[in-house]
Amino acid sequence: MPAPVPHRTSLEPQVLQDIHTEVLTGIPYNSAAQYHIHYGEGSSPERFGTACAWQTFAVGERVARRTGVQVEYRVGGRHVCALHDDGDTLTVLDPYLMHRAPLRLPRADAVDGTVLGVADAYPIRRRPDGSPVPSSLRAAWEPAGGVLRLQYLRYSPRLGETVAHRAYTMRPQETVHELPVPAPLVRELLLHPEQNNLSIRAVHPDDGLCEIALPFTADRRGRLADAQALITRDNQGTVSRCGERDFDQELERVAEALFATTDEVVDHLLSAAALYDAAAPLGLDVPEYSLENA
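Residue numbers 696 to 989, in the numbering used here, belong to the letters of the sequence shown in order.
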């Protein structure tokens, strides 16, 4: 493949849409995968998904392979998004934030120095009357300074309103300069105190979101690999616990989305939890994982 050309080259929007959809639906978010790669057997099936930054890298790799254009990897905290700037429009590609289409921010749309944009995102939840409420990714970009702010919002059936769920500020001087990311840095990040669970979140073929998670708590260190501690969240964000009928149904949906068996999904999470348990310092203070319905 020829060397990637500067990312100000114009690209067909449909090419970026196809790549974004391919990763969003085909490489789910999976916070357990990197433990298998860096603390375990050295690999994890692609169909099981990968951590958020590696979802973004998968987008960038596909853009480079199919177009010869290199995206920019912008960093905000522990998060990474992919950006393509053709000189007229900045396009945001961020599968972790689950927007359904690339978020385009034309320079010509700037008002008082800021371009605002929004894209529908997963999950698409429903109000009590059955009407759909898509999640959304909002962006505010300052072309002069390059600062990009992203906010992911989704509907809360419990509260009956749309609420902010994630927010990141991406500054132009904070980028990923080296790929693959050095293994020692990855191993350090995997033991960050903010890591309070392992989870797999996927877009099911029926277009609904499904998720299974294993929360971490300090009183269970040394025995985190416990299937009874697993929970699921359905498209509405409702939590079910192991042993409940709804849990089994959601676990089956996760397995279908991954083209795996339910036993494979559970084993993937539990074995990653055992790897974390063995590697993480004892006494690590992790934040409480919320078991509240969305």
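Here a beta-carbon is modelled for each residue, glycine too, at the ideal position from N, C-alpha and C.
In this text the structure is predicted, and so the values were computed from the model without any measurement.
Considering Cα atoms alone, identify which of the options is closest to residue i.
i, options, result
"Arg861", "Tyr791, His779, Thr751 and Val766", "Tyr791"
"Pro797", "Cys776, Asp807 and Arg928", "Cys776"
"Gln846", "Pro827, Ile819 and Leu832", "Leu832"
"Asp780", "Trp836, Gln750, Thr745 and Val858", "Trp836"
"Ala897", "Gly737, Gln750, Ile732 and Asp807", "Gln750"
"Ser726", "Ser826, Asn892 and Pro827", "Asn892"
Which word fits residue i, buried or exposed, when buried means at least 16 other C-beta atoms lie within 10 angstroms of its C-beta?
i, result
"Thr762", "buried"
"Glu945", "buried"
"Ala922", "exposed"
"Arg936", "exposed"
"Pro723", "buried"
"Leu848", "buried"
"Pro697", "Because Pro697 carries a pLDDT of 45, less than 50, the predicted location of this residue cannot be relied on, and the following value inherits that uncertainty. Label assigned to Pro697: exposed."
"Ala950", "buried"
"Val813", "exposed"
On the three-state DSSP scale, how would you describe residue i?
i, result
"Glu707", "coil"
"Thr957", "helix"
"Asp962", "helix"
"Val871", "coil"
"Cys937", "coil"
"Met696", "Model confidence at Met696 stands at a pLDDT of 45, short of 50, so the residue's coordinates are unreliable and nothing is read from them."
"Val981", "coil"
"Pro701", "Residue confidence is low: Pro701 scores 47 on pLDDT, short of 50, so the model does not pin down where it sits. No coordinate-derived value is stated."
"Arg916", "coil"
"His731", "helix"
"Ala989", "coil"
"Ala969", "helix"
"Arg861", "strand"
"Glu906", "strand"
"Arg928", "strand"
Just to check my reading of the structure: residue i and residue j have Cβ atoms closer than 8 Å, yes? What is that Cβ distance to the nearest angstrom?
i, j, result
"Thr784", "Arg799", "5 Å"
"Phe743", "Leu965", "Going by Cβ atoms, the distance from Phe743 to Leu965 rounds to 13 Å, so no, they are not a contact pair."
Problem - Complete runs of the beta strand (DSSP E) confined to the segment 831 to 856 [at least 3 residues] - result: Correct list: 843 to 851.
Handout entry: Whole alpha helix (DSSP H) elements within the segment 742 to 826, 4-residue minimum
Key = Qualifying alpha helix (DSSP H) stretches, in chain order: 747 to 762.
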